[in-house]
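Asker: Mapping of the sequence shown onto my numbering: residues 1 to 100, in sequence order. Heads up, the beta-carbon is just placed ideally off N, CA and C, and yes, glycines get one too.
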Amino acid sequence: TGQRPFLLDTVRWGTDWLLKASPQPNVLYGQVGTGSADHSFWGPPERMTMPRPSFRLDPTKPGTEVAGEAAAALAAAHLLFKSDDPAYAARLLERARSLF
1 TGQRPFLLDT VRWGTDWLLK ASPQPNVLYG QVGTGSADHS FWGPPERMTM PRPSFRLDPT
61 KPGTEVAGEA AAALAAAHLL FKSDDPAYAA RLLERARSLF
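1) Is DSSP giving R52 helix, strand or coil here?
2) Please work out which residues of its chain come closer than 6 Å, Cβ to Cβ, to A90, disregarding the five sequence neighbours upstream and downstream, and give them in chain order.
3) Out of curiosity, what's the CA-to-CA distance linking W39 and M50?
4) Which residue or residues does DSSP assign as beta-bridge partners of Q31?
5) Does the stretch 52–66 come close enough to the stretch 79–86 to have 3 or more Cβ pairs within less than 8 Å?
6) Which value, in whole angstroms, describes the spacing of the CA atoms of P53 and P45?
7) Just how far apart, CA to CA, sit R56 and Y29?
8) What is the residue span of the alpha helix (DSSP H) that R91 lies within?
9) Around the C-beta of S22, are 16 or more other C-beta atoms found within 10 angstroms, so that it is buried, or is it exposed?
Shown next, in the form of structure tokens:
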């Protein structure tokens, strides 16, 4: 149906976010903002002016479930990109292994 480029673009948007959220081995930023402040704001995120702390996961502050889910998403996306963009797919798999 000609939708594959759109699928790849959509998945890449999410995997790029996960790559940026894990800037080095054994580190993943699992959340930005706090639920109470974010959910009380009724407007677009671009207009949020309140502090929005980020929460870092690493060996001293583990978040096994979040890191495992991110690793699984990156590994699954690796399979999707393997034939279309092998270099990107390899990067996804490398980061998935690092997070796992």
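Answerer: In this structure, then:
1) coil
2) none
3) The displayed chain sequence assigns His, not Trp, to residue 39. Approximately 12 Å, taken between the alpha carbons.
4) F55
5) no
6) 14 Å
7) 4 Å
8) 86–99
9) buried
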